[in-house]
Amino acid sequence: MMEMLPYYKIRVICEDMKGNKKCVYTQENLSKAEAKTDIEKIARTIDKNMLNDSEVERSLIYLKKNETEIRFHNIKTKNLHCKYFIRMERYSLLELLNMK
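Sequential numbering from 518 applies to the sequence shown in the working numbering.
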């Protein structure tokens, strides 16, 4: 059976309550199957680490085809604390040609 080429990468983007976004984690050179299982592992890890904070509570996990969104809010004020977007992205053709 032919081995799958690494066409996918995973990006974890954190958006705080002010709307500022930053990429906090990137994992590259994955096959599609590896990327799908790693999204679940990363989501569980983020959830576990954020719930260790006593002031933060998970409010929503939104699953899409190639993206998972996890929202956390402050327990006391009920305001949004942060959102994590875990995305599986395909490499562009130019990125694949430049890979070594």
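Beta carbons are placed, not taken as given, at the ideal position from N, Cα and C, and that holds for glycine.
- Under the three-state reduction of DSSP output, E557 falls in the helix class.
- I556 and M605 do touch by the CB rule: their CB atoms are close to 6 Å apart, below 8 Å.
- In the structure shown, K539 falls within a strand segment according to DSSP collapsed to helix, strand and coil.
- Take the alpha-carbon of E572 and the one of F602: they are about 21 Å apart.
- Per DSSP, N591 is one residue of the beta strand (DSSP E) stretching across E584 to N591.
- The alpha-carbon of I578 is positioned some 26 Å away from that of Y524.
- For E532 and T562, the gap between their C-alpha atoms comes out near 17 Å.
- Listed in chain order, the non-local C-beta contacts of Q544 below 7 Å within the same chain comprise K526, I527 and D555, local neighbours out to five positions each way being set aside.
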